[in-house]
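Single-structure report; data block below.
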Amino acid sequence: MGSCFAKPWLTECANKNRNKDKYLSTAMAESGQASCISRSEDITIPTQREFHQIEASTYWLPKDDEEQMRLTGQHFALKEIFGGNVLQSVTEILDLKQGLSILDVGCGSGVWVMDMINDYPDCNYDGCDMVNIVAQKPTPKQFTFRIANVLEGLPYPDNTFDLVHLRLLVLALRYDEWPSVIKELLRVTKPGGLIQIMEPDYRVTEHDDVFCKVVSASKGQNPRIGIELERLLREAGNTNIIETKSASVDTTTGSSAAKKIAWSWMEGVKGTMKLAAPALGLKDEKDQQKFLKEFKHCMETKCGCLHMEAVVAQKL
1 MGSCFAKPWL TECANKNRNK DKYLSTAMAE SGQASCISRS EDITIPTQRE FHQIEASTYW
61 LPKDDEEQMR LTGQHFALKE IFGGNVLQSV TEILDLKQGL SILDVGCGSG VWVMDMINDY
121 PDCNYDGCDM VNIVAQKPTP KQFTFRIANV LEGLPYPDNT FDLVHLRLLV LALRYDEWPS
181 VIKELLRVTK PGGLIQIMEP DYRVTEHDDV FCKVVSASKG QNPRIGIELE RLLREAGNTN
241 IIETKSASVD TTTGSSAAKK IAWSWMEGVK GTMKLAAPAL GLKDEKDQQK FLKEFKHCME
301 TKCGCLHMEA VVAQKL
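Heads up: the sequence shown begins at 1 in my numbering, then just goes up one per residue.
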């Protein structure tokens with residue numbers, strides 16, 4: 001069961017893009033080395049993963065190389081299902097070929113920025129994250145990284161950026177922290193500039209539903225924050241909702257996007273299993289193996305639909 005799709009797909013993408021952007025090609029090639037969904041009866045559960053040590057943060061995914069590979073693969077899956085790195089309205093309102101200022105909040109491995117640089121090399125890019133991952137590798141001259149936690153305030157002046165991007169902080173922010181985060185995004189956005197936020201409505205499978213709901217609830221997070229984005233942006237004030245877009249992937253179809261998403265979420269659940277097991281009532285490795293096998297089977301055969309929501313708002 002399962003298919004070893006990650007390395008061939010990402011290697012092919014890297015080959016196509018190698019001459020266009022060496023940084024992006026490197027990221028794609030590295031993520032292609034990630035583990036595929038196991039074909040063996042037993043699923044290997046990592047015993048040692050590196051997590052951040054920031055006490056004020058509720059983020060519960062790892063920060064090691066394996067996680068960066070997973071995030072890179074996930075990036076290209078999301079790009080595929082949304083048809084690009086930004087929604088259509090962004091390219092209609094902003095002339096991204098004219099050297100605009102762009103910020104990626106919670107940039108992680110930096111793959112979204114690197115991919116944007118590949119498409120729009122004349123823009124100036126900033127990225128921030130609470131852990132120093134992207135700055136450990138060679139980066140393009142258009143990109144500047146800073147360590148920052150959006151909850152403590154972004155290290156940029158008011159009205160700095162033409163486009164501010166944030167995505168996949170669903171497992172990093174408590175539900176009551178979202179309003180202040182959105183206000184901080186608005187603060188650093190220029191009048192007339194845009195904010196794009198992309199988050200999931202976590203209903204992947206019955207097992208992942210339990211996984212996300214139980215663990216997220218224990219940390220005060222909302223696994224369905226995606227469907228709240230438009231309301232949160234409206235309530236922040238001084239905004240105009242320009243575009244909303246929903247996208248779903250059924251992992252049982254075996255399509256290209258389905259395989260990428262299935263691999264990404266299998267790796268994500270495996271990577272956090274030791275941390276999440278107590279909240280899930282999984283007492284030992286036997287229980288964890290059973291959970292993972294049922295999760296894998298469910299994604300491949302029964303009910304594996306990932307729902308994503310994206311919103312673009314303009315600062316007035």
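In this text, a Cβ means the ideal position worked out from N, Cα and C, and glycines have one as well.
If you're wondering where the values come from, they're calculated on a predicted model, not measured in any experiment.
Taking the C-alpha atoms as reference points, what is the distance between residue i and residue j?
i	j	result
P200	L275	21 angstroms
R231	K286	42 angstroms
G271	Y120	34 angstroms
Y156	D126	10 angstroms
G108	K283	32 angstroms
G254	M299	10 angstroms
Q142	I117	8 angstroms
H297	T252	9 angstroms
Q68	L292	21 angstroms
E177	K137	31 angstroms
Specify the secondary structure class of residue i as computed by DSSP and reduced to three states.
i	result
A279	helix
P179	helix
G192	strand
L306	strand
D122	coil
T252	coil
D319	Residue 319 lies beyond the range of the chain shown here (1 to 316); nothing can be said about it.
R234	helix
V311	strand
S89	helix
R146	strand
D158	coil
V332	As displayed, the chain neither begins before 1 nor continues past 316, which places residue 332 out of reach and without an answer.
S109	coil
R174	coil
Is residue i near residue j, with beta carbons less than 8 angstroms apart?
i	j	result
L171	Q221	yes
T160	V188	yes
Q289	N240	no
V181	L229	no
L87	V312	yes
L94	L163	yes
E80	A262	no
D115	N85	yes
What residues in its chain sit with their C-beta under 6 angstroms from that of residue i, if we drop five residues either side in the sequence?
i	result
N132	I147
C305	S248 and D250
I225	V170 and E199
P191	K315
W9	Summary for W9: the model assigns pLDDT 27, below 50, so the residue's position carries little reliability, and this model does not support an answer.
If I'm right that residue i touches residue j with Cβ under 8 angstroms, what's the distance once you round it to whole angstroms?
i	j	result
V90	L194	6 angstroms
Leaving out the 5 sequence neighbours to the left and right, which residues in its chain are closer than 7 angstroms to residue i when beta-carbon positions are compared?
i	result
I227	D201 and E309
N238	L186, K315 and L316
Here's a check: name, in chain order, each residue in its chain whose Cβ is nearer than 8 angstroms to the Cβ of residue i, leaving out the five neighbours to either side.
i	result
I242	S89, I93, L194, V312, A313 and Q314
K22	Low confidence applies here, because K22 scores a pLDDT of 47, under 50, leaving its location unreliable and the question unanswered by this model.
F82	M198, K245, A247, M308 and A310
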